[in-house]
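Report on one structure; see the data block that follows.
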Amino acid sequence: MSAGQGPRLQMNHGYQRRLGWLAGLLHASLLAAQVPSPLPPADSTAIAASDLPVLTHVADIRSLSPELAALRHPVRLTGVITYHFPAWNELFVQDETSGIYVVLTNQPPDVQPGDRIEVLGTSDPGDFAPLIQATEVRRLGSGELPSARAVTVQELRGGGYDSQWVEMRATMHSARHQDGMLVADASDHSGKFTLRLPGTPALACAAWSQAS
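FYI, in numbering that gives the first Met the number 0 the residues of the sequence shown are 0 to 211.
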């Protein structure tokens, strides 16, 4: 992975229980899962897709009400990948206005965090916040990850940072290897959370577990 990608962990001397989140997208259990909603039933009052404006910025999609997002507005935007986990078909992208979760209909080309991509698809209300149902993802080249915003667990619980690129500092209490990822119980001064870091080798998880 190239420099600046993904969450990085930092521990102080003596293996004290400090876990540093540096420019990481927190993939925590406290964030609601993004599940696309079923298509609304067709009726004579349905708005034709050709009558809907094309949405070109993430903020425009996230500002839609559930009813408007369910109309399947056409989407065509460019942004930078902040998180990609092929095993779960998960992708998060962020442009200059905001970040959003992307449901992949087909696997995109060989992409990784930091790549600049074009996403084509439609809006979807999701179960928690609007998302993109992608029909095509095109890699445009290398990009730059956005500046991460420092947050606390309490701030994350409000939901306002869903799908956003953030960083936080926390204390790790335990760590284990589960389903091909690091699963850690951690906390900061405002509360507890569960951290999941996909793609972490079992040996690395064992080292962090011993240090926690």
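Positions of the beta carbon are idealized from the N, C-alpha and C atoms, including for glycine.
Since residue i and residue j are thought to touch, with beta carbons under 8 Å apart, how far apart are those beta carbons, to the nearest angstrom?
{"i": "T170", "j": "S186", "result": "6 Å"}
Within 10 angstroms of the Cβ of residue i, are there 16 or more other Cβ atoms? Answer buried if so, exposed if not.
{"i": "A174", "result": "buried"}
{"i": "S146", "result": "exposed"}
{"i": "V53", "result": "exposed"}
{"i": "Q177", "result": "exposed"}
Please report the straight-line C-alpha distance between residue i and residue j, rounded to a whole angstrom.
{"i": "V118", "j": "K191", "result": "34 Å"}
{"i": "V152", "j": "Y160", "result": "11 Å"}
{"i": "M180", "j": "A86", "result": "11 Å"}
{"i": "A69", "j": "T81", "result": "25 Å"}
{"i": "F84", "j": "P197", "result": "7 Å"}
{"i": "A214", "j": "V74", "result": "Only positions 0 to 211 of the chain appear in the structure, and residue 214 is not among them; the question remains open."}
{"i": "T104", "j": "G120", "result": "9 Å"}
{"i": "P65", "j": "D126", "result": "9 Å"}
{"i": "V150", "j": "R115", "result": "25 Å"}
{"i": "A77", "j": "R195", "result": "One detail in the question is off: residue 77 reads as Thr in this sequence, not Ala. Straight-line Cα distance between these residues: approximately 27 Å."}
{"i": "A22", "j": "Q163", "result": "Its pLDDT being 35, under 50, A22 is placed unreliably in this model, and the coordinates cannot settle the point."}
{"i": "T193", "j": "R71", "result": "33 Å"}
Considering only their Cβ atoms, is the gap separating residue j from residue i smaller than 8 Å?
{"i": "R138", "j": "V102", "result": "no"}
{"i": "P107", "j": "I60", "result": "no"}
{"i": "L144", "j": "P112", "result": "yes"}
Secondary structure, alpha helix (DSSP H): runs of 4+ residues fully inside the stretch 48-105: Every alpha helix (DSSP H) of 4 residues or more that sits fully in the stretch 48-105 is shown, in chain order, as 57-61, 65-68.
Residue ranges of each beta strand (DSSP E) within the stretch 128-211, 3 or longer: Counting only runs of 3 or more residues that sit fully inside the stretch 128-211, the beta strand (DSSP E) segments are 130-141, 168-177, 180-187, 190-197, in chain order.
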